[in-house]
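Encoded as structure tokens, the structure appears first; notes follow it.
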Amino acid sequence: MTEKFVHDVPVRWSDMDAYGHVNNARFLTLYEEARVAMFFVGAREHGLGSFEEGIVIARHEVDYLRPVDYGDPVRIEMWISEQRAASFTVAYELFDDGVLASRAKSVCVPYNLANGHPRRLSEAEREFLRPYLAS
1 MTEKFVHDVP VRWSDMDAYG HVNNARFLTL YEEARVAMFF VGAREHGLGS FEEGIVIARH
61 EVDYLRPVDY GDPVRIEMWI SEQRAASFTV AYELFDDGVL ASRAKSVCVP YNLANGHPRR
121 LSEAEREFLR PYLAS
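Take 1 as the starting number for the sequence shown in full-length UniProt numbering and just add one per residue.
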């Protein structure tokens, strides 16, 4: 069984659209906050700081299953659905009040910001991702 990284993200009033739901574009912000928690805070707790040196997004894919209203934080569960030498895909499920409201994927590329180019995953990064990697 793949381990999931779980993070609760508050829904802000500014996330709302004219229809009283979380705006579709703001879902990416909610996913981003959870992803940052995983690769900055979670990785740092495991002694790994290299993700903080740079990750860029090569692709996002979002399925909207039901509207999300303003209120309690949403729960986002994440795992790694694919890992390559120089990229990995984060898969997400977003739950609102315990009900699945959205699924998404982000292709992430480790990036050397100082030199301005992509880089390969290090062995330490692969080790951090291993428990979350779908089999």
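Where is the CB? At the ideal position from N, CA and C, for every residue including glycine.
What runs of the beta strand (DSSP E), each 3 residues or longer, lie entirely inside the stretch 18–64? 55–64
Rounded C-alpha distance that separates A34 from D63: For the purposes of this step, residue 34 is taken as residue 34 along the sequence shown, with counting starting at 1. For the purposes of this step, residue 63 is taken as residue 63 along the sequence shown, with counting starting at 1. Cα to Cα, the separation comes out at about 17 Å.
Which residues in the same chain as F39 place their Cβ atom closer than 7 Å to its Cβ, once the five residues preceding and following it in sequence are excluded? Counted from its first residue, the sequence shown places residue 39 at position 39. Once the five neighbours on either side are set aside, the close Cβ partners of F39 are F51 and I55.
Would the beta-carbon of L113 fall within 8 Å of that of I76? On the sequence shown, position 113 is the one that residue 113 refers to. On the sequence shown, position 76 is the one that residue 76 refers to. No.
Helix, strand or coil at P110 [DSSP, three-state]: The sequence position of residue 110 within the sequence shown is 110, counting from 1. DSSP places P110 in strand when its eight states are reduced to three.
Use the C-beta contact count for S14: other C-beta atoms within 10 angstroms, 16 or more gives buried, fewer gives exposed. Residue numbering aside, residue 14 sits at position 14 when the sequence shown is read from its first letter. When all chains shown are included, S14 counts as exposed.
For R84, does the three-state DSSP call read helix, strand or coil? Mapped onto the sequence shown, residue 84 falls at position 84. Looking at R84 - three-state DSSP - the assignment turns out to be coil, as it is neither helix nor strand.
Tell me P118's beta-bridge partners as DSSP assigns them. Residue numbering aside, residue 118 sits at position 118 when the sequence shown is read from its first letter. When DSSP reads this structure, P118 sits in a beta bridge with Y111.
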